[in-house]
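See below for the structure under consideration.
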Amino acid sequence: MPPSTVKSKKLKTDSGEDDASTTRVKIIDVAPPIINESDPVYYVTLDMRLLNWNYLNFKFRTKTTTRLFAIKQRIQKQHGPILDLKICKEHYSEANELRDDMMTLAEYGITGAADGEPEVVCLIHYDFKPDQYDNPLLLASEEY
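Just so you know, UniProt numbering puts the end of the sequence shown at 144, numbered straight through with nothing missing.
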């Protein structure tokens, strides 16, 4: 940061005349510059496992600052219209259920790794009901 200068005017002299000359005083800033470092970005790979169907499992990489509602939207995008979505961390139980949609993955205790580090994988189990599970067309068999 360049040194700043301050102008100061001299006051009237004793003889009553105005002295219009100004003097410059250099003020040197010795304070260290303020560096505002942003928080590091951590990534986690979510291993999404549907409770009873292995072939519908999928994985995706996301930031640990991602909120739960974004994860739910990703599941709905993967499967279409669904009801009663339940998401659990590590294993499927009521104690591990993630309920608050506005909390981030980091707030749920899911840690990640920076970009150059080895990937961190977190196991997520989920279950849902299809939107129209009792639709007669879906329940129809091929027999005539």
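Where a beta carbon is used, it is the ideal one built from N, C-alpha and C, also for glycine.
Under three-state DSSP, which class holds residue 150? Because the chain in this structure spans residues 1 to 144, residue 150 falls outside the shown range and cannot be described.
DSSP state of L83, grouped into three classes? As a position in the sequence shown, residue 83 is number 83, starting the count at 1. If DSSP states are grouped into helix, strand and coil, L83 belongs with the strands.
Report buried or exposed for M102, applying the criterion of at least 16 other Cβ atoms within 10 angstroms of its Cβ. The residue you call residue 102 lines up with position 102 of the sequence shown. The residue in question, M102, is exposed, as its Cβ has fewer than 16 Cβ neighbours within 10 Å.
Where does A106 sit, in a helix, a strand or coil, going by DSSP? Within the sequence shown, residue 106 is the residue found at index 106, counting from 1. Here A106 sits in coil by DSSP.
Between the C-alpha atoms of L123 and I110, what's the straight-line distance to the nearest angstrom? Walking along the sequence shown from the start, residue 123 turns up at place 123. Walking along the sequence shown from the start, residue 110 turns up at place 110. Their backbone Cα atoms lie some 10 Å apart in a straight line.
Which of helix, strand or coil does DSSP assign to L68? Residue mapping note: residue 68 aligns to position 68 of the sequence shown, counting from 1. In the structure shown, L68 sits in a helix (DSSP, three-state: H, G or I).
With 16 as the cutoff for other CB atoms within 10 Å, does F128 come out buried or exposed? On the sequence shown, position 128 is the one that residue 128 refers to. When all chains shown are included, F128 counts as buried.
Secondary structure at E94, three-state DSSP: helix, strand or coil? Looking up residue 94 in the sequence shown gives position 94. Note: E94 maps to helix in three-state DSSP.
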